[in-house]
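Chain order of the listed sequences is A, B, C and D.
So the first sequence is numbered by my numbering: it starts at 1 and just counts up by one.
So the second sequence is numbered by my numbering: it starts at 1 and just counts up by one.
So the third sequence is numbered by my numbering: it starts at 1 and just counts up by one.
So the fourth sequence is numbered by my numbering: it starts at 1 and just counts up by one.
All C-beta atoms, glycine included, are put in the ideal place defined by N, C-alpha and C.
Following: one structure in structure tokens, then a few remarks.
4 protein chains.
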Amino acid sequence: MQLHHVLIDTFDAKGLVYKISELFFRHNLNIQSNSEYVDREHNKFFMRSEIAGEINPKLLHEELQLLLGEKANIRIFSPLKKRIVLLVTKESHCLGDILIRYEAGELNAQILGVISNYETLKPLVDKFDIPFIHIGHENLSREAHESAIISAIQKMGEVDYIVLAKYMRILTSVFVETFPEKILNIHHSFLPAFVGANPYKQAFERGVKIIGATAHFVNNHLDEGPIITQNIINVDHSYSWKEMQHSGRDVEKIVLSSALKLVIENRVFVHANKTVIL
Amino acid sequence: MQLHHVLIDTFDAKGLVYKISELFFRHNLNIQSNSEYVDREHNKFFMRSEIAGEINPKLLHEELQLLLGEKANIRIFSPLKKRIVLLVTKESHCLGDILIRYEAGELNAQILGVISNYETLKPLVDKFDIPFIHIGHENLSREAHESAIISAIQKMGEVDYIVLAKYMRILTSVFVETFPEKILNIHHSFLPAFVGANPYKQAFERGVKIIGATAHFVNNHLDEGPIITQNIINVDHSYSWKEMQHSGRDVEKIVLSSALKLVIENRVFVHANKTVIL
Amino acid sequence: MQLHHVLIDTFDAKGLVYKISELFFRHNLNIQSNSEYVDREHNKFFMRSEIAGEINPKLLHEELQLLLGEKANIRIFSPLKKRIVLLVTKESHCLGDILIRYEAGELNAQILGVISNYETLKPLVDKFDIPFIHIGHENLSREAHESAIISAIQKMGEVDYIVLAKYMRILTSVFVETFPEKILNIHHSFLPAFVGANPYKQAFERGVKIIGATAHFVNNHLDEGPIITQNIINVDHSYSWKEMQHSGRDVEKIVLSSALKLVIENRVFVHANKTVIL
Amino acid sequence: MQLHHVLIDTFDAKGLVYKISELFFRHNLNIQSNSEYVDREHNKFFMRSEIAGEINPKLLHEELQLLLGEKANIRIFSPLKKRIVLLVTKESHCLGDILIRYEAGELNAQILGVISNYETLKPLVDKFDIPFIHIGHENLSREAHESAIISAIQKMGEVDYIVLAKYMRILTSVFVETFPEKILNIHHSFLPAFVGANPYKQAFERGVKIIGATAHFVNNHLDEGPIITQNIINVDHSYSWKEMQHSGRDVEKIVLSSALKLVIENRVFVHANKTVIL
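So this is what it looks like as structure tokens:
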């Protein structure tokens with residue numbers, strides 16, 4: 001049985017759980033799983049329900065909106081596959097991890113294409129019968145290059161998420177604003193440590209004993225978007241920065257794939273530049 | 001503002017969240033925090049609510065029981081301090097960790113006394129003005145020794161939890177049945193690996209690369225009670241078993257104190273020899 | 001500059017480091033990296049050196065043997081690629097992780113072939129232009145099936161390591177003894193917890209809060225060979241055993257690939273059914 | 001049998017291990033444990049040996065210096081207890097953890113005294129019969145306050161390490177330069193993230209999913225001294241910054257005590273603002 005997911009965030013008020021659960025009960029919808037969280041600081045209420053039963057999404061949305069008021073943010077997701085696009089540069093570990101999961105049917109997603117500023121990863125992508133689109137950045141302004149990428153994405157039809165799987169170029173605000181809350185990035189450090197270029201070299205020079213990786217939504221401020229998942233590995237003095245980078249790949253790919261799984265499962269709310277994960 | 005905690009577990013049925021939240025709403029109780037979990041395998045529903053407002057616990061209990069039926073297990077906890085007793089042998093790390101937290105006011109608990117089969121830790125306990133009761137096991141049968149401990153505990157009045165903070169003797173079923181679901185133990189391994197005596201020596205001999213600790217409720221089957229928390233540390237070939245034991249102390253004390261915090265905060269349900277933690 | 005690796009294990013004696021380093025010094029060999037470990041319990045000395053310079057491996061071996069006596073175990077490895085064979089059944093995560101690393105040139109290894117008792121993973125292996133050999137076990141005795149696999153392996157010429165990348169059949173002692181200390185396995189639990197079949201189901205039923213994976217050499221006793229690497233992830237009451245299995249895959253693949261890297265880099269000694277890793 | 005520790009760091013050269021081990025061999029000293037590391041980037045050699053046997057430290061030092069040249073940094077440590085002073089403010093978790101270990105005889109150290117700018121922790125320190133010295137900072141310039149602390153420390157005689165066990169004031173360069181490479185600090189974040197005041201609040205506002213703690217030597221640049229140990233715990237959206245702070249205490253105390261153990265065991269080299277730990 002496939003489930004619909006209902007995600008609600010709104011200002012907190014007495015009786016919200018009661019009102020919402022009453023509406024589901026009245027419609028004879030069975031709540032398979034339910035999670036709520038109240039952010040006391042901002043007085044915000046978050047709720048995610050997995051519901052079984054026949055629903056008319058449009059009607060249910062209208063009723064919930066009527067019940068909770070105009071300010072409530074209500075999202076109802078069908079079990080359809082998410083449509084995603086991957087952006088990469090030259091490194092294959094994150095891309096490869098996603099491709100192997102994809103091939104195994106682990107991801108409730110359809111990969112529409114992989115776009116890269118280099119041709120390095122074309123042979124890998126070709127193995128999986130996924131369109132590989134090379135859009136070189138040489139001799140192009142940043143704007144022109146991004147504009148070509150945006151066009152390529154838009155030709156693919158509706159896109160749910162754009163995954164930067166080690167895409168090593170900084171995006172302009174134009175790009176980011178074209179796909180708000182739809183861009184996932186893996187940053188190869190434990191943010192907010194080592195913002196910016198070559199975090200492993202920075203980590204090496206600082207002599208840290210732990211390195212990390214951070215998956216986050218991209219907003220206009222470089223490496224400052226809402227964090228979805230983080231993880232770490234231990235290193236010691238014997239690691240060169242190249243070895244840190246090499247070891248870091250294992251944590252990067254697991255962190256990015258975990259974040260991708262969370263967004264595909266409709267578990268992530270964004271609020272006040274943070275994520276609430278239910 | 002201090003909160004009451006309501007814990008409910010019962011067979012799952014459509015509309016439980018609605019019914020319970022409606023009752024809270026009707027009584028003008030504000031739900032500060034709410035968590036539910038449904039165990040689909042056993043069709044069991046678990047709910048923990050933190051509620052603010054004036055309540056008559058006895059009356060609320062009756063109303064909930066009426067609403068949910070006789071089979072529902074309903075517990076309502078006031079913000080009162082938990083009354084706990086510690087059992088120890090000779091090692092001070094778990095005891096010490098609890099005492100330092102206690103002294104700092106971190107635990108919503110009153111330590112009624114520390115009981116030990118040795119006098120080793122009396123000087124430490126005395127520093128904190130907590131009764132230390134030495135009940136040696138020499139020349140006593142296991143039954144007679146435990147009987148003396150049970151008497152000593154019962155003289156302390158009502159007891160919420162008995163914490164085995166590295167108490168190195170196996171308890172008989174008589175003892176365990178006297179305090180059902182009230183006894184917490186720290187087992188110095190990653191259960192179910194290395195059940196029984198000297199797990200560090202067992203771990204050393206097996207050549208493991210990770211050692212762990214497990215806090216669990218004690219039932220009649222040695223080291224087989226419901227697990228509350230576990231954690232691990234990395235070791236390598238250079239560790240002797242004494243060094244594993246020494247390093248293991250850090251994880252033991254944190255795991256036991258974390259489990260103690262969970263039970264003090266009324267977050268732990270026991271079901272089918274497992275815990276549900278909300 | 002490519003390095004030779006010299007691995008020595010022998011009974012400990014005063015002056016071993018001096019004698020060995022003197023010999024290297026006399027031959028004008030530069031020690032790029034040196035690690036020693038003494039197991040006091042067994043009075044055993046382990047040393048791994050990475051040396052730069054022109055060497056005659058045969059001659060160096062003879063001189064070291066002469067210096068250290070007949071009982072010393074001396075291994076000298078050239079920078080040649082290790083020749084490996086993978087055995088798999090139906091799950092792709094460990095295989096896929098190795099293939100992606102292989103494709104990226106991360107492994108100093110040549111994959112001679114992938115053998116499976118099912119055809120499930122043939123399409124994945126075919127993408128990477130590696131021979132896939134299907135040897136079904138149906139209608140064959142265990143011995144006959146293994147005999148066919150042994151033949152297939154032996155046709156591939158010299159083999160350094162056989163990697164069981166989720167090969168879900170138990171090997172007989174005949175197979176194990178054919179390739180002593182050459183077979184790596186990934187066990188999907190934190191050994192020695194949950195030896196045997198379906199460890200995730202066992203873990204689920206025990207209600208553990210942490211699950212793990214163990215890479216080990218295979219010897220005649222099921223799941224009891226020397227442990228190379230282990231790692232864990234946290235789980236909670238909300239995981240079904242299928243979800244534990246699913247989440248466990250991430251740790252399985254990283255643990256197996258890490259162990260494979262260690263053996264490829266000639267870092268692993270086996271002694272007293274444990275590993276020493278330098 | 002108690003061991004002497006010999007720590008050597010110098011520029012790397014061919015034959016160092018040979019020369020040093022030859023000298024030990026010639027003096028009939030048994031190397032119980034030996035570790036070397038070469039930092040290729042700076043061409044620096046580090047070696048730590050635990051040696052058994054009768055030694056004349058002064059003479060051995062001279063011979064090693066003669067052998068290795070003037071630029072070699074040679075330290076020979078007897079098994080004597082380290083003499084340490086603790087500085088604290090109001091929080092007891094790090095102090096308490098050290099006191100419990102101290103009471104259990106775990107630390108090869110003598111605590112000469114605890115100095116604080118508040119009287120809050122006097123009752124705790126008094127329990128352990130350790131001098132507590134209150135030096136309030138009110139109505140004093142930073143310089144005058146520190147000057148009083150320096151005087152108090154100097155009255156205690158020779159001091160090996162000064163441990164800032166949650167001492168919440170920033171030290172001036174005068175203080176730091178008075179005790180070079182002798183001051184250990186616990187910073188309540190995963191440095192270099194969240195340098196400065198109230199890192200938990202910063203972490204909360206950034207919405208991180210992991211918080212950490214860092215033990216480091218103090219130098220003139222706030223929170224930028226050489227890192228000794230780091231560790232982390234997972235948090236999620238449901239943590240307020242106070243809860244992050246509370247949970248962070250467990251990792252802070254373990255990290256600080258681990259770093260203290262490393263320096264007490266003479267395992268830490270400082271070089272290029274990093275540590276090498278052997």
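query	result
So D/Val85 and D/Gly113 are supposed to be a Cβ contact under 8 angstroms. How far apart are they, rounded?	6 angstroms
Given a cut-off of 7 angstroms, decide if B/Val235 and B/Ile211 are closer than it, judged by their beta-carbon atoms.	yes
Less than 7 angstroms between CB atoms is the rule here; does B/Ser189 satisfy it with respect to chain A?	no
Roughly how many whole angstroms lie between the Cα atoms of C/Ser141 and A/Leu95?	41 angstroms
Do D/Ile277 and D/Val268 have their beta-carbon atoms positioned less than 7 angstroms apart in this structure?	yes
Would you list, in chain order, the members of the region 84 to 104 of chain D that have their beta-carbon closer than 9 angstroms to a beta-carbon of chain B?	Glu91, Ser92, His93, Leu95, Gly96, Asp97, Leu99, Ile100, Arg101, Glu103 and Ala104
Alpha carbon to alpha carbon, how far is B/Glu205 from B/Tyr102? Give it in angstroms, no decimals.	37 angstroms
Are there 16 or more other CB atoms within 10 angstroms of the CB of A/Lys274, so buried, or fewer, so exposed?	buried
Need the endpoints of the beta strand (DSSP E) that D/Thr214 sits in, please.	Ile210 to Phe217
Thinking B/Ile133 and B/Ala109 are a contact (beta carbons under 8 angstroms), I'd like their distance in whole angstroms, please.	Rounded, the Cβ-Cβ distance is 18 angstroms, inconsistent with contact.
In chain D, which residues lie less than 7 angstroms from C/Asn34 when you measure between Cβ atoms?	Val17 and Glu36
Interface residues of chain D around A/Pro79 at Cβ under 8 angstroms?	The premise fails here: A/Pro79 is roughly 25 angstroms from chain D at the closest Cβ pair, so nothing lies under 8 angstroms.
State the beta-bridge partners of A/Gln230 as determined by DSSP.	A/Thr214
Compare the C-beta of D/Glu22 with all C-beta atoms of chain C and state if any pair is closer than 7 angstroms.	yes
At least one CB of chain A closer than 7 angstroms to the CB of D/Ile232: is that the case?	yes
With a threshold of 7 angstroms between beta-carbons, can A/Lys82 be considered close to chain B, or not?	no
Report the neighbours of A/Asp236 on chain D: residues whose CB is nearer than 8 angstroms to its CB, in chain order.	Ile277
Suppose you measure from the CA of B/Leu107 to the CA of B/Lys261; what does that come to, to the nearest Å?	7 angstroms
Please confirm whether A/Arg206 has its beta-carbon closer than 7 angstroms to some beta-carbon of chain D.	yes
With a Cβ-Cβ cutoff of 7 angstroms, do B/Ile8 and B/Met47 count as a contact?	yes
Relative to the alpha-carbon of D/Ser78, which residue among D/Lys19, D/Ala203 and D/Gly53 has its alpha-carbon at the smallest distance?	D/Gly53
DSSP on A/Lys71, reduced to helix/strand/coil?	coil
Can you tell which of B/Ile55, B/Phe128, B/Ile100 and B/Ile149 has its C-alpha closest to the C-alpha of D/Arg249?	B/Ile100
Based on DSSP bridge pairs, tell me the residues matched to B/Thr10.	B/Phe45
State the Cα-Cα distance for the pair B/Leu31 and D/Glu41, rounded to the nearest angstrom.	Residue identity check: residue 31 of chain B is Ile in the sequence provided, not Leu. B/Ile31 and D/Glu41: Cα-Cα distance of roughly 59 angstroms.
Should B/Asn30 be flagged as near chain A, meaning a C-beta pair shorter than 7 angstroms?	yes
Taking Cβ positions, are C/Gly225 and C/Asn219 nearer each other than 7 angstroms?	yes
Would you kindly report the start and end of the unbroken beta strand (DSSP E) that includes C/Gly113?	Ala109 to Ser116
Does any residue of chain C have a CB that is nearer than 7 angstroms to the CB of B/Pro192?	yes
Thinking C-beta only, is D/Pro199 closer than 7 angstroms to D/His188?	yes
Could you spell out the range, first to last residue, of the beta strand (DSSP E) harbouring D/Thr275?	Lys274 to Ile277
Under 7 angstroms Cβ to Cβ from C/Ala272, same chain only, skipping five residues before and after it: list those, please.	His42
Strictly under 7 angstroms for the Cβ-Cβ distance: is B/Phe25 near chain A by that measure?	yes
Using C-beta distances below 6 angstroms, list every residue in its chain close to D/Gln183, excluding the 5 sequence neighbours before and after it, in chain order.	Per the sequence presented here, residue 183 of chain D reads as Ile, with Gln not at that position. These residues qualify, in order along the chain: Ile162 and Val218.
With C-beta atoms as the reference, is B/Ala213 less than 7 angstroms away from B/Val263?	no
Is there a Cβ of chain B sitting closer than 7 angstroms to that of C/Lys44, yes or no?	no
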